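Residue numbers (this note's numbering), protein chains in the order written: chain A, 696 to 792; chain B, 34 to 759; chain C, 51 to 229. Even glycine gets a Cβ: it sits at the ideal position worked out from N, Cα and C. For clarity, every value in this text was computed on a predicted model and none was experimentally measured.
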Amino acid sequence: MLTPALLLSAALFVIGTLGVIVRRNAIIIFLCIELQLNAVNLAFVALSRYTGIEGQLYVFFVMTVAAAEAAVGLAIIISIFRHYETVNVDKFNVLKW
Amino acid sequence: MATVESTVTALALPMSPLTAQEAASWEPVLPGLIVLLPLLGFLINGFLALRAAAASSAAVRSGNEWDPFAGAATPVTHRLPTLVGPGVMLFAFALALVNFIGMPDDLQEPVVRSYWSWIATGDLRIEAALQLDQLSAVMMLVVTGVGFLIHVFSVGYMKKDVGYPRYFSYLNLFVFFMLVLVMGSGYATMFVGWEGVGLCSYLLIGYWFSDREKSDAGKKAFIVNRIGDVGFLLAMFLIYQAFGTFDFGEVFAGAEGQLAAGGATVTAITLLLMLGAAGKSAQVPLHVWLPDAMAGPTPVSALIHAATMVTAGVYMVARSSVLYALAPVSQAVVAGIGVLTALIAATIALQQYDIKKVLAYSTVSQLGFMFLAAGIGAFTAAIFHLVTHAFFKALLFLGAGAVIHSMHHAAHHAEGHLDEQDMRNMGGLRKYMPLTCALMWIATLAIAGIWPFAGFFSKDEIIWYTAAWAGAESNPFGSLYAVYWGVALVTALMTAFYMTRLMIMTFHGANRTGAAGAAHLHEAPRVMTLPLIALAALSVFGGWINVPEALQASFAGLFGVLPMSEWLHHWLEPVTHAAAEIQVAGFGEAAYSAPLGGGEVSWALASTVAAALTVAVSARLLGTRKYVAAAADSGPRAGLGRVLHDKWYFDEAYDAVIVRPLLRLSRWCWRFIDDVIIDGFVNTTAQFARLAGWIMSLFQTGQVNMYAFVLTVGVLLVLGTTVFLR
Amino acid sequence: MTDILFILFAVVAVGGAVGVVIGRSPVASLLFMVATLASVAGIYVLFEAHFLAAIQVLVYAGAIMVLFLFVIMLLNLGHDYRADLRYGSWSLLSLVVVGLTAGVLMQGFSGDVGADLLEDGAAAAAAIDAAVIEKGAVGVIADPLFTDYVVAFELMGLLLLVAIVAAVVLAKPRGSGEG
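Dropping the structure here:
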């Protein structure tokens with residue numbers, strides 16, 4: 696059951712990456728990043744079954760980081776939205792100039 | 034005067050027999066200190082010179098010109114060198130004398146004192162070591178003895194110079210390196226001294242560096258010497274390749290066994306060494322720097338460019354006598370260069386008006402004689418002439434220095450510009466400087482080779498040995514040697530002529546300085562004349578240390594009165610006998626008659642009579658000639674005289690053949706290689722970086738997704754290589 | 051039984067993921083995401099990671115997703131789907147990314163990767179099962195977390211604190227209070 700789990704993980708990751716690239720909505724990009732993190736978590740859990748409990752610990756840490764990232768990221772999105780009245784990332788390009 | 038007497042007695046002392054036990058257990062007395070004393074003098078004087086420089090720049094900053102002699106009391110920086118400079122030399126000379134007297138007669142091997150391991154890498158071991166043997170003892174005495182006298186003279190000559198402490202620090206440093214050169218126990222140690230004296234020579238030629246011409250002369254000397262040094266270095270590499278060491282003892286001991294006599298290796302080594310010697314000793318074609326080196330202070334010319342440094346090449350050839358004896362071709366080349374140099378320099382000296390230029394070309398010419406001697410294998414004769422030449426040429430230069438010193442005062446008061454070194458502005462100086470005149474006449478007779486002065490014995494020995502080896506049974510270059518002999522004879526007579534010309538133009542006839550200047554001509558102070566007297570005594574008696582055996586019973590040895598029959602020859606025997614044996618094995622015994630017949634005594638008589646006649650006749654002829662002051666005379670207009678006056682156009686030829694093409698090549702390198710290729714490469718690199726930057730800037734869209742895309746691709750590339758190339 | 055469950059969960063997870071990417075409105079995407087997270091939690095259970103499955107549902111699908119939902123509602127988003135999805139050359143780029151990523155991951159995960167793991171994997175699985183029986187599903191995670199990994203654990207706490215402070219500062223409206 697290991698290989699199917701890893702392939703599922705790969706599929707989720709690819710879909711997440713695709714989402715990051717093709718969407719303009721900052722919140723959906725965020726969701727896709729969470730999707731990628733979940734894909735990795737899945738691989739960790741699947742492999743931990745065969746290597747030891749440490750894999751699950753890493754998943755725990757990843758979840759914590761994801762929670763922190765969501766808190767800060769959403770705060771940034773709110774802050775930006777106040778300024779631009781939009782969450783379309785194409786509009787956030789002042790750093791280019 | 035005390036030093037002169039002690040020198041004479043010292044020369045006599047080692048004649049007394051010593052037991053073998055003493056010889057075996059001989060300990061040199063503080064040989065390292067002999068070298069260190071001048072270095073100490075350099076450090077003290079150098080410190081004073083730095084103090085003086087600080088005082089000078091402080092004065093300049095406050096807007097004044099610094100004159101250390103303006104105040105009532107001369108500052109300590111300009112008083113102490115008077116004591117330190119000659120003082121360290123006196124002690125060094127005394128130590129050298131003690132070692133010389135103590136050195137046993139039958140010392141066969143050099144005594145080597147190793148101080149520390151200088152270079153140890155791979156198979157190469159170079160010790161910082163000094164060696165004492167008969168040859169280095171003689172050189173040591175000449176360097177410290179003549180050096181001391183010239184230091185004393187300098188006190189008077191340079192007294193009023195702003196750079197007085199700097200002058201003495203350079204002079205002391207020079208003596209230090211010269212002693213390293215003659216006492217070093219291997220080619221590497223010798224090379225340190227070799228380069229060091231070159232450095233000091235450069236510093237002292239350009240001593241008055243604010244004068245463009247003089248600093249250029251220093252650079253010329255340095256650069257021409259580099260050409261010779263390339264030869265020396267290559268020779269050292271070959272020596273290392275052949276012997277695996279630079280140590281004199283090991284090289285000479287192994288030379289006969291490891292190198293084929295007349296083989297390519299030993300010939301290459303000796304020819305390259307000769308290139309080095311030609312650079313240092315101003316032999317054709319590298320002689321051009323020495324006449325220009327007269328830009329330095331006159332005592333420097335006496336010490337470095339007449340008595341000691343320029344003879345380093347002769348010393349080096351004599352030191353390598355074993356190698357030269359193994360390479361007959363190199364010997365013929367050395368002798369040929371020597372005799373050619375002697376002739377060319379003598380002809381140029383005939384037509385010079387600058388008193389120091391005449392002496393400079395005379396020095397080059399006499400050095401040529403020394404190389405002739407070294408080339409034909411008469412190494413003792415070469416060293417003998419080196420020693421006597423150091424005496425009388427130092428005397429001539431210092432005498433010229435006294436004259437210039439006097440003329441300098443006159444020039445201050447003369448109307449218009451007065452070249453203080455041009456003999457056309459002199460004339461009749463005997464009236465003002467009788468002592469200098471008399472002493473310089475002694476030196477003139479000595480260099481002309483007139484019995485019983487020192488030059489007679491040494492020069493006659495060179496000419497005689499050339500004749501004798503020309504007649505050796507199996508000398509392959511016998512007829513060439515005969516030509517050398519003939520040229521040497523002619524050159525010796527030219528020497529007599531141009532020296533007489535110098536004396537007549539300077540001291541005799543009518544005075545041409547002009548009334549205003551002539552009133553200020555005067556005899557040199559005591560501190561300058563005393564060294565002259567000492568050197569004059571040496572010029573008279575110095576030749577008696579090596580009266581040839583064949584001549585001892587004749588007129589030349591006062592019919593047996595002069596005691597020291599071939600003393601120098603016996604003294605140097607341990608150093609030269611190996612080479613002598615090889616040479617006899619190759620050439621057969623030297624003949625006992627000249628190529629035109631006649632024995633040693635008759636040729637000696639003939640040469641001294643011819644020289645005396647030349648002096649007398651030319652003095653008589655030139656004495657009646659009317660010279661005009663330099664301002665109204667432009668020298669010989671055309672013909673051979675003009676060619677000689679212009680020094681055979683050596684400088685012009687070098688300028689056309691070497692300097693200008695080199696400049697053009699350099700300019701081409703600058704315009705093409707540097708500007709086009711190297712700069713082009715650099716600029717192209719910069720353009721490439723700009724292009725790359727421009728391409729990268731295309732990815733900076735400001736869109737987050739684009740960055741995510743690039744990031745992903747980058748991660749995939751890294752990950753992909755690890756995954757797929759697993 | 052587990053195979054059937056796995057396939058079921060996998061299909062839901064992939065379907066949910068696709069839904070996240072092509073969802074018309076943010077709220078739709080978010081709900082698809084919740085479905086994906088839940089089915090991944092189901093797969094965790096299949097791998098005997100009960101504690102993780104629990105916090106996946108509680109923390110992830112519960113707390114974090116609700117946070118997203120609050121923000122979406124707060125900002126009143128979800129009416130500009132046309133402008134949101136990229137077409138044209140971007141679809142080409144995304145194809146490249148999908149191809150490359152899939153290629154690398156497939157290459158990395160397929161083949162012999164699992165073979166040697168599976169061989170001694172049985173022993174590791176048995177050890178984990180034994181530990182679960184001894185300490186319980188939570189204890190088996192908590193034990194190393196508070197011993198070997200306690201520094202990392204404390205750092206996580208610090209990170210969360212920093213994140214909270216940062217979120218408060220960032221989200222606070224300009225000009226309100228001291229700033």
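- Residue state for I748 (chain A) is assigned as coil, using DSSP reduced to three classes.
- Interface residue (Cβ-Cβ distance to chain A less than 8 Å): N738 (chain B) is classified as such.
- Residues of chain A with a Cβ closer than 7 Å to the Cβ of F56 (chain C) are, in chain order, M696, P699.
- At a cut-off of 8 Å between beta carbons, L127 (chain C) contacts chain A.
- Within 7 Å of the CB of E184 (chain C), no CB atom of chain A is found; the nearest one sits about 12 Å away.
- Using a Cβ distance threshold of 8 Å, G231 (chain B) and F255 (chain B) count as a contacting pair.
- With the rule of 3 Cβ pairs closer than 8 Å, the region 481-494 of chain B counts as touching the region 416-432 of chain B.
- Beta-bridge annotation (DSSP): T154 (chain B) is paired with B:L157.
- Apart from sequence neighbours up to five positions away, the residues of its chain that approach L119 (chain C) with a beta-carbon distance below 8 Å are V77, L80, ordered along the chain.
- When beta bridges are read from the DSSP output, G219 (chain B) appears opposite B:D280.
- The region 391-407 of chain B makes no contact with the region 284-298 of chain B: fewer than 3 CB pairs, one atom from each, lie closer than 8 Å.
- Taking a beta-carbon distance threshold of 8 Å, L108 (chain C) does not count as an interface residue toward chain A.
- Counting C-beta pairs closer than 8 Å gives three or more between the region 380-395 of chain B and the region 525-545 of chain B, which meets the contact rule.
- When 7 Å is used as the limit between beta carbons, T712 (chain A) is near these residues of chain B: T745, in chain order.
- At a beta-carbon threshold of 9 Å, the residues of chain B lying near V784 (chain A) are Q736, V737, N738, ordered along the chain.
- CA-CA distance, A106 (chain B) to T539 (chain B), rounds to 37 Å.
- Measuring C-alpha to C-alpha distances from V195 (chain B) to each of B:L758, B:V523, B:A103 identifies B:A103 as the nearest.
- Counting the other CB atoms within 10 Å of its CB gives A543 (chain B) a total below 16, which places it among the exposed residues.
- Judged by pairs of C-beta atoms under 8 Å, the region 141-161 of chain C touches the region 741-753 of chain B, as three or more such pairs exist.
- The criterion of a C-beta distance shorter than 8 Å is not satisfied by V117 (chain B) and T341 (chain B).
- Closest in alpha carbon position to I409 (chain B), among B:V516, B:F75, B:P324, is B:V516.
- For A162 (chain B), the beta-bridge partners assigned by DSSP are B:S147.
- Here L135 (chain C) carries a strand assignment [DSSP, helix/strand/coil].
- Of the other Cβ atoms in all chains shown, 16 or more fall within 10 Å of the Cβ of R719 (chain A); this residue is therefore buried.
- In the DSSP assignment, D387 (chain B) is bridged to B:D455.
- For the pair G219 (chain B) and V608 (chain B), the Cα-to-Cα distance works out to about 14 Å.
- Taken in chain order, the unbroken stretches of alpha helix (DSSP H) that lie wholly in the region 387-453 of chain B and span 4 residues or more are 388-408, 412-446.
- With respect to chain B, the C-beta atom of I723 (chain A) has no partner C-beta closer than 8 Å.
- DSSP, reduced to helix, strand and coil, places S598 (chain B) within a strand of the structure shown.
- At a Cβ-Cβ threshold of 8 Å, F265 (chain B) and R352 (chain B) do not count as neighbours.
- Neighbours of I716 (chain A) in chain B, taken as residues whose beta carbon is under 8 Å from its own, are N738, A741, F742, T745 in chain order.
- In the structure shown, the three-state DSSP call for R777 (chain A) is helix.
- In the three-state scheme derived from DSSP, where H, G and I count as helix and E and B as strand, N258 (chain B) is classed as helix.
- Under the DSSP assignment, N78 (chain B) falls in the alpha helix (DSSP H) whose first and last residues are 64-94.
- Using beta-carbon distances, Y745 (chain A) counts as an interface residue toward chain C, with a partner under 8 Å.
- The C-beta of S79 (chain C) comes closer than 8 Å to at least one C-beta of chain A.
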